[in-house]
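My numbering puts the first residue of the sequence shown at 231, with every later residue one more than the last.
Note that beta-carbon positions come from the ideal geometry of N, C-alpha and C, so glycine has one too.
Computed from a prediction, not measured in an experiment: that's the story for all the values here.
Report on one structure; see the data block that follows.
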Amino acid sequence: MTQVDVSPLFQPFSCKSLHLKNRIVMAPMTRQFSPGYIRNDDVVAYYRRRAENEVGLIVTEGTTVNHPSANGYENVPAFHGEALKGWKKVVDAVHGAGGKIMPQLWHVGTVRKPGIGPDKEAPGMGPSGITSAGKRKAHVMSLEDIQACVAAVAQAAADAEQLGFDGVEIHGAHGYLIDQFFWDVTNERTDRYGGSLENRCR
């Protein structure tokens, strides 16, 4: 059997201001363990344990930005308002254990279902209100809606910096909001946010 050299995984890595003690990165994993959408001590301990066991960089589970339609699942943590106090505890715990951490910033778009909190009346929305299955079931985003979502992500990134996070990851895959702008089946817009190849290459 061929042996694989895994030693590079344990070598330090640097990119601009980010300096990691190794190249092991924990991917974001949605856990739904934040009652009321707010971090508790169990969650702080969960991330601390990963840092204590030599994970070089932790990317948190998806955290919802400050937009009424951002959330698609119960007990997923928010990344705004009162929830930021809990995230500060997470950052301090991870840094205290010698780790680095980034939040994954999330808006689910048309994946959102009616009745999900915290704003149970907020509709799911997307570039054309179409799901990845090609079904029309959600609110079609206006330019104002798009600008509000961009502003919410920008504010979350600024809050992450203020809290001491080591960077941010913006969720842009798996059929959620940003990803919905990339595909013809979910984006029939004809404005500058359209899903045509011509618009995507601008």
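Would you report the Cα separation of residue i and residue j, rounded to the nearest angstrom?
i    : j    : result
M256 : E312 : 26 Å
A275 : G347 : 25 Å
V234 : R253 : 16 Å
P353 : P344 : 7 Å
Q392 : G316 : 14 Å
E418 : G405 : 15 Å
V320 : A387 : 16 Å
Y423 : N296 : 21 Å
S264 : M231 : 44 Å
L239 : R269 : 30 Å
I331 : V306 : 18 Å
I400 : V289 : 11 Å
P298 : P357 : 16 Å
Check residue i in the structure and name its three-state DSSP category.
i    : result
H325 : helix
Q334 : strand
G347 : coil
P280 : One point to set straight first is that residue 280 is Arg, not Pro, in the sequence displayed. The answer is helix: DSSP assigns R280 an H, G or I state.
S244 : strand
I288 : strand
A313 : helix
V255 : strand
G356 : strand
V341 : helix
V398 : coil
A403 : coil
A308 : strand
V234 : coil
V370 : strand
Give the C-beta separation of residue i and residue j to the nearest angstrom, bearing in mind that I take them to be a contact with Cβ-Cβ under 8 Å.
i    : j    : result
E291 : R261 : 5 Å
V380 : L335 : About 12 Å separates the two Cβ atoms, so there is no contact after all.
L250 : G286 : 4 Å
A378 : G328 : So it is not a contact: roughly 38 Å between Cβ atoms.
G394 : H310 : Going by Cβ atoms, the distance from G394 to H310 rounds to 16 Å, so no, they are not a contact pair.
K367 : T340 : 7 Å
So which of the options has the shortest CA-CA distance to residue i?
i    : options                   : result
D421 : S244, I376, A368 and A363 : I376
D396 : S244, P238, S372 and K365 : S244
K350 : P265, R342 and L373       : R342
H337 : G402, R366 and N417       : G402
Q410 : T361, P258, S372 and A386 : T361
A308 : M371, P298 and T294       : T294
V370 : I288, L314, A382 and L407 : L407
V383 : S247, R278 and A300       : A300
D389 : A363, G326, A323 and P333 : P333
M259 : Y277, N270, G266 and H310 : Y277
E374 : S247, T340 and M355       : M355
K365 : T416, D322 and V273       : T416
D322 : D271, V236 and G339       : D271
Heavy atom of the ligand PLP less than 8 Å from the Cβ of residue i, yes or no?
i    : result
M355 : This structure lacks the ligand PLP; in fact it carries no ligand of any kind.
In the DSSP assignment, find the unbroken alpha helix (DSSP H) run with residue i in it and report its ends.
i    : result
D389 : L373 to L393
I408 : L407 to Q410
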